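Colleague: Quick one: structure below, then a few questions.
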Amino acid sequence: MSTTHLLPAVLPSLKATFKRPLLLRSPFSNVLTKQTRFNFQPTRSATGGAQKIVKKSSKLPQEKTQTQSVNKSPSVQIKESPNRDICEVLERLAIQERNNGQPFKERAYQKAMRSIVAYPTRLNSGKEAQTLPGVGDKIAKKIDQFLETGSVEQLLLSKSNQEEADLINLFQRISGIGPVKAKSFVDKGYKSLEDLAKEPQLTHHQRIGLKYIKEFEEKIPRDELERLLDIVKKATHEIDPRYIVEACGSFRRGANVSNDLDIILTHPDFTEVMESATDRKKVKTSLLMQVVQALENCGFLTDSISKGSVKYMGVCQLPKNKTDGLCTHHRIDLRLIPHQNYYAGLLAWTGDDEHNRIMRLRAKARGYTLSEYGLVRKIKAEIGEDTYDEKIHIQSEEDVFKVLDMPYKKPHERNMRGVVKKKYLMHEE
DNA sequence: GTGACGGAGGAGTGGC
DNA sequence: GCCACTCCTC
DNA sequence: GTCAC
């Protein structure tokens, strides 16, 4: 079916959407382009210094359109790409599929988008795009349609459907709200974040997400993250110097800014996950909770999202500074990893996702399975069809690379986003 | 043509 | 209280 | 939606 007849009515609005200044987070730059906070539940003094809340704005978040990603989609630097417009279309298709409950389609569009971001010249056709990994028949056709008509039929929504999609995307920017809950809140008639705050059935996690919606979207500069990490390390080692504490994620990969603080902990006494995570006594006295309690007592942790025996999710903040006032609240995750799994955990939680995927595939091809729990080889029993697992003893990240016959990559060399996989694999041969 | 695509911890809910 | 399930997160 | 099998 041709879309030509739809175009005159819809194109101007689409163009307007692209032109509209990005008031919050640009989907591709991940930079807050205008510093206006959504001060929903003020938590700090109005005289809070440089970081104080600027003003209450209920209108701003509503202006976010479908061209802007929900907070949870991966950020990709496409500013410099000669195919930025095509990438934006794929990003919107990915969001649409996420909201339709199709995570694999969402990832397929994201994968195609990453390939195209890494492509150095302007694409002239879908066929040309199809030479790239992750771009198949369907996406090639959509690219052709976009190049010919300036739009893609699947993205053309009626005004009311567009408003609904925008609201679903807005609500998903709240931590703890995914596509299902966002849709249900829209169906219930909520039209804004202020509206949503009145919902009595918001979970604890969602209330925290709403309270800090703007602060969680702010990037953490590396020097601030180093200070945050230092506090965690000091508090932990005061409890017991035998703890090992390491920040993972983009920070360990050398990033100048990060989205959150992801810390893994281990301790020689912790060698396996407790059998029953619901054993409250054990949770309260666990090696992880001792650290959490110390960090709560000193005011570093301001809110908790979830507290388990091996995983803590919460909110942290640097201590009040005399000149700057209160600092921004950030998301923090703490994971307690069994001592013997520490290096596998360190490798997995350092990432990035694409690097993990490459290593897992490499492991699989050589008869192993690699996860944050370790490197395991499937051994076929001498008699019968049965197999059993042999856990490979890992004493460093390098060991995993060695077993998989890969040259060691330092953490800052594991930023694979935008790197063509073939190139990486060729380099390793 | 068909199955894999990461998968587990934690919160919350509803049935028993 | 237990269990199975959904949703969300990373 | 794409890819490997």
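In our numbering, the protein residues as written are 415 to 843. We put the beta carbon where it would ideally sit given N, CA and C, even for glycine. This one's a predicted model, so the numbers in the text were calculated from it and none came from an experiment.
(1) Nearest-angstrom Cα distance between E710 and Q731?
(2) Tell me the rounded alpha-carbon separation between C741 and K612.
(3) What is the DSSP secondary structure of A532, counted as helix, strand or coil?
(4) Quick one: is V389 buried, meaning 16 or more other Cβ sit within 10 Å of its Cβ, or exposed?
(5) Our contact map puts H651 next to I719 with C-beta atoms below 8 Å; I'd like the distance itself, whole angstroms only.
(6) Cβ of E786 within 7 Å of Cβ of G765?
(7) Does DSSP classify Y726 as helix, strand or coil?
(8) How many Å lie between P682 and Y822 at the Cα?
(9) Can you tell me whether H744 is helix, strand or coil according to DSSP?
(10) Less than 7 Å between C-beta atoms, sequence neighbours within five positions excluded: which residues of the same chain meet that for G781?
(11) Which residue's Cα is closest to the Cα of Q809: Y757, L761, K816 and P752?
(12) Taking DSSP's pairing of strands, which residues face L504 in a bridge?
(13) Using CA coordinates, which residue listed in R512, Q516, T535 and I500 is at the minimum distance from S565?
(14) I'd like to know whether the C-beta atoms of H769 and T685 end up nearer to each other than 7 Å.
(15) So, at 8 Å on beta carbons, what are the nonlocal neighbours of I582 in its own chain, with the 5 sequence-adjacent residues on each side left out?
(16) So A508 and E520 are in contact, right, with Cβ under 8 Å, and what is the actual spacing, rounded?
(17) Could you tell me the distance, in whole angstroms, from the CA atom of S495 to the CA atom of E631?
(18) Using the Cβ count rule (16 or more neighbours within 10 Å means buried), how would you classify Q510?
(19) Give the C-beta separation of L675 and L639 to the nearest angstrom, bearing in mind that I take them to be a contact with Cβ-Cβ under 8 Å.
(20) What residues in its chain sit with their C-beta under 7 Å from that of V646, if we drop five residues either side in the sequence?
(21) Which of the three DSSP states is assigned to I588 in this structure?
(22) I need the DSSP call for H826, collapsed to helix, strand or coil.
(23) Hey, could you find the ends of the alpha helix (DSSP H) K628 is sitting in?
(24) Going by DSSP, which residues form a beta bridge with R749?
(25) If you drop the 5 nearest sequence neighbours on each side, which residues of the same chain put their C-beta closer than 7 Å to that of N829?
(26) Within this structure, are the beta carbons of E608 and H743 separated by less than 7 Å?
(27) Compute the distance between the beta-carbons of D717 and V729, then report whether it is under 7 Å.
(28) Express the C-alpha separation of P547 and I591 in angstroms, rounding to a whole number.
(29) Is the beta carbon of S816 less than 7 Å from the beta carbon of G788?
(30) What three-state label does DSSP hand V566 in the structure shown?
(31) What is the DSSP secondary structure of R831, counted as helix, strand or coil?
(32) Nearest-angstrom Cα distance between F665 and R636?
Modeller: Put simply:
(1) A direct Cα-Cα distance of roughly 11 Å separates E710 from Q731.
(2) 27 Å
(3) coil
(4) The shown model of the chain, from 415 to 843, leaves out residue 389, and the question about it has no answer.
(5) Incorrect: roughly 25 Å between the Cβ atoms, too far for contact.
(6) no
(7) strand
(8) Looking at the two C-alpha atoms, the distance is approximately 26 Å.
(9) strand
(10) R791 and K792
(11) Y757
(12) BP columns for L504 are empty, so no partner.
(13) Checked all of R512, Q516, T535 and I500; the closest Cα to S565 is I500.
(14) no
(15) N513, P593, A596, K597 and V600
(16) About 5 Å; that satisfies the 8 Å criterion.
(17) 24 Å
(18) buried
(19) 6 Å
(20) V659, I677 and L709
(21) coil
(22) Correct three-state label for H826: helix.
(23) I627 to F630
(24) I678 and K725, per the DSSP bridge assignment.
(25) R667 and D766
(26) no
(27) yes
(28) Taken atom to atom, the span from the alpha-carbon of I591 to that of P547 is near 32 Å.
(29) It should be noted that the sequence gives Lys, not Ser, for residue 816. In terms of Cβ geometry, K816 and G788 do not form a close pair [threshold 7 Å].
(30) coil
(31) coil
(32) Distance between F665 and R636, taken at the CA atoms: about 7 Å.
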